[in-house]
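To start, the structure itself, in structure tokens.
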Amino acid sequence: MDEKIISRDDLLKICQDVIEKGNTLLTPGAADYSVVKDVSKIDLDASALPSKISYKSYVFPRTEPVLYYKRSKNDVQLIDVNIDSKKIVILGAKPCDANSLNIMKHLFNWDYSDDFFNMRAKNFIVIGLMCSQFDEYCFCTSVGSSPVSEKGSDIFLIPLDANTYALKIITDKGKEFISPYNGHLKSGDENRSKRITENVKLPETAFDSSEVYEWLGENFESPKWEGVGNLCLSCAQCAFVCPVCHCFDIMDEDYSYTEGRRMKNWDGCQFGNFTLHASGHNPRDIQSKRYRQRVNHKFRYYVNKFGEILCTGCGRCSRGCPVSIDIKEIVSNCKNDQKELK
Ligand code: SF4
Ligand code: SF4
Numbered sequence: 014m015d016e017k018i019i020s021r022d023d024l025l026k027i028c029q030d031v032i033e034k035g036n037t038l039l040t041p042g043a044a045d046y047s048v049v050k051d052v053s054k055i056d057l058d059a060s061a062l063p064s065k066i067s068y069k070s071y072v073f074p075r076t077e078p079v080l081y082y083k084r085s086k087n088d089v090q091l092i093d094v095n096i097d098s099k100k101i102v103i104l105g106a107k108p109c110d111a112n113s114l115n116i117m118k119h120l121f122n123w124d125y126s127d128d129f130f131n132m133r134a135k136n137f138i139v140i141g142l143m144c145s146q147f148d149e150y151c152f153c154t155s156v157g158s159s160p161v162s163e164k165g166s167d168i169f170l171i172p173l174d175a176n177t178y179a180l181k182i183i184t185d186k187g188k189e190f191i192s193p194y195n196g197h198l199k200s201g202d203e204n205r206s207k208r209i210t211e212n213v214k215l216p217e218t219a220f221d222s223s224e225v226y227e228w229l230g231e232n233f234e235s236p237k238w239e240g241v242g243n244l245c246l247s248c249a250q251c252a253f254v255c256p257v258c259h260c261f262d263i264m265d266e267d268y269s270y271t272e273g274r275r276m277k278n279w280d281g282c283q284f285g286n287f288t289l290h291a292s293g294h295n296p297r298d299i300q301s302k303r304y305r306q307r308v309n310h311k312f313r314y315y316v317n318k319f320g321e322i323l324c325t326g327c328g329r330c331s332r333g334c335p336v337s338i339d340i341k342e343i344v345s346n347c348k349n350d351q352k353e354l355k
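Residue numbers for the sequence shown follow the working numbering, so the first one is 14 and each next one is one higher.
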């Protein structure tokens with residue numbers, strides 16, 4: 014791994030060049046990752062909590078057409094969509110967001126290779142930023158990550174002081190991105206950045222994910238799911254803010270009798286009609302079954318299928334839940350017979 018030092022001024026010059034070349038530059042704010050127009054306003058704050066929404070929609074949009082169609086009397090013509098695939102640079106991705114594309118890519122390349130996801134993901138450059146702050150909802154350390162994890166970043170920044178960063182080149186993609194700007198980089202001192210990362214305060218480990226995996230396998234019918242099922246409103250806010258939830262629905266929208274488009278729209282397993290069959294039967298007809306599905310999918314089924322937990326521990330779903338359901342508490346309390354799940 015190659016470690017360098019870069020000043021804030023030089024980092025902003027790189028950002029300016031990224032924008033002038035017609036690429037999209039995103040940075041996190043309190044609400045969202047937003048497109049940067051004025052680099053002087055970039056505030057790379059390692060002590061900020063995760064934004065309310067992750068950058069998932071830039072690789073997997075909330076809604077998008079996947080094809081257009083035209084009907085004539087005896088034929089249907091299908092018209093491909095041009096996939097928007099310009100380079101997107103994410104500057105200052107939280108470690109709990111940086112690895113999200115790596116986790117989701119399994120699903121989008123499992124039984125079918127999704128060109129929409131893959132082309133955009135290929136054009137992403139993730140510049141991660143060490144995280145120096147956590148709240149009661151964060152649990153990255155319980156799902157195999159940490160505030161100093163470089164997983165998923167192409168380049169990783171560690172603030173050395175208010176105006177200087179250690180810059181680690183993690184991937185070949187990161188190397189290729191930064192090479193035109195090598196003139197802005199100075200030799201790094203790994204000991205200095207190591208002292209900083211070793212002293213970062215870590216969120217306490219809340220649960221052992223392998224024990225949770227075992228418990229879920231043995232307690233599918235546990236009455237404990239009723240508690241959280243009675244509380245949950247089925248609003249699916251938790252899925253929409255999640256950096257790795259990826260359910261979608263496909264719907265045809267007719268403009269007229271002869272023309273229309275096929276849309277891919279975000280969906281959520283907490284909605285009551287998510288598993289409603291055309292026959293009227295619904296295998297997840299009550300909310301406790303749907304919440305059980307959410308936890309099993311994240312901590313057991315995805316592990317079985319792809320060897321990864323479908324959760325980065327960012328805590329967004331809990332921070333935003335209108336009835337204060339906290340996934341960290343739910344998962345931590347699974348095994349505890351004295352505690353209800355709510
Ligand atoms: S857990 Fe909270 S955010 Fe998620 S569906 Fe239930 S009420 Fe909505
Ligand atoms: S399930 Fe919740 S804590 Fe886990 S990644 Fe999604 S939003 Fe973050």
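For each residue, glycine too, the CB sits at the ideal point set by N, CA and C.
Strand pairing of residue i, partner residues [DSSP]
i, result
"Ser47", "Thr40"
"Phe261", "Trp279"
"Pro366", "Residue 366 lies beyond the residue range present for the chain, which begins at 14 and ends at 355; the question has no answer from this structure."
"Pro172", "Tyr178"
"Arg205", "Answer is none; Arg205 lacks a bridge partner."
"Glu163", "Per DSSP, none; premise fails for Glu163."
"Gly141", "Ala106 and Phe169"
"Glu9", "No statement about residue 9 is possible, as the shown extent of the chain runs from 14 to 355 and does not include it."
"Arg84", "Val89"
"Glu266", "Arg274"
"Glu16", "Lys181"
For residue j and residue i, believed in contact at Cβ under 8 Å, the rounded distance
i, j, result
"Ser155", "Thr218", "5 Å"
"Asp110", "Ser67", "5 Å"
"Glu234", "Ser301", "Actually they do not touch by this definition, with Cβ atoms about 11 Å apart."
"Phe73", "Phe130", "6 Å"
"Asn278", "Thr76", "5 Å"
"Cys251", "Cys330", "3 Å"
"Ile55", "Thr40", "6 Å"
CB contact flag (residue i, residue j, <8 Å)
i, j, result
"Lys83", "Glu272", "yes"
"Gly42", "Tyr150", "no"
"Val48", "Cys28", "no"
"Ser200", "Lys17", "yes"
"Ile322", "Val241", "no"
"Ile4", "Val52", "In the structure as shown, the chain starts at 14 and stops at 355, and residue 4 therefore has no counterpart that could be examined."
"Gly196", "Ser166", "no"
"Phe220", "Ala249", "no"
"Pro10", "Ser113", "The structure shown has nothing for residue 10, since the chain only spans 14 to 355."
"Cys245", "Val344", "no"
Alpha-carbon to alpha-carbon, residue j and residue i
i, j, result
"Leu80", "Ile101", "23 Å"
"Met143", "Glu211", "11 Å"
"Lys164", "Asp88", "49 Å"
"Leu62", "Ser98", "29 Å"
"Thr325", "Lys69", "13 Å"
"Glu258", "Asn295", "A quick correction: the sequence has Cys, not Glu, at residue 258. Distance between the alpha carbons of Cys258 and Asn295: 21 Å."
"Asp174", "Ile92", "53 Å"
"Asp262", "Lys207", "45 Å"
"Ser60", "Ser269", "52 Å"
"Cys282", "Val316", "18 Å"
"Lys348", "Pro108", "28 Å"
"Gly333", "Lys86", "50 Å"
"Gly35", "Tyr71", "16 Å"
"Asn176", "Leu57", "10 Å"
"Ile182", "Lys65", "28 Å"
"Leu180", "Asp30", "18 Å"
"Ile96", "Met132", "8 Å"
"Val213", "Lys318", "33 Å"
"Val94", "Glu189", "29 Å"
Residue i CB to nearest heavy atom of ligand 1 below 7 Å
i, result
"Ile66", "no"
"Ile338", "yes"
"Pro335", "yes"
"Cys251", "yes"
"Cys248", "yes"
"Cys327", "no"
"Cys28", "no"
"Cys282", "no"
"Cys324", "no"
"Cys245", "yes"
heavy atom of ligand 2 below 7 Å from residue i C-beta
i, result
"Pro172", "no"
"Pro256", "yes"
"Cys430", "The displayed coordinates of the chain run from 14 to 355. Any statement about residue 430 would go beyond what the structure contains."
"Lys311", "yes"
"Arg305", "no"
"Cys330", "yes"
Closer than 7 Å: residue i CB and nearest ligand 4 heavy atom
i, result
"Ser345", "Only ligand 1 and ligand 2 can be found as ligands here, which leaves ligand 4 out of the picture."
Chain D within 8 Å of residue i, Cβ atoms only
i, result
"Asp221", "Reference to chain D is not applicable here, since this structure consists of a single protein chain."
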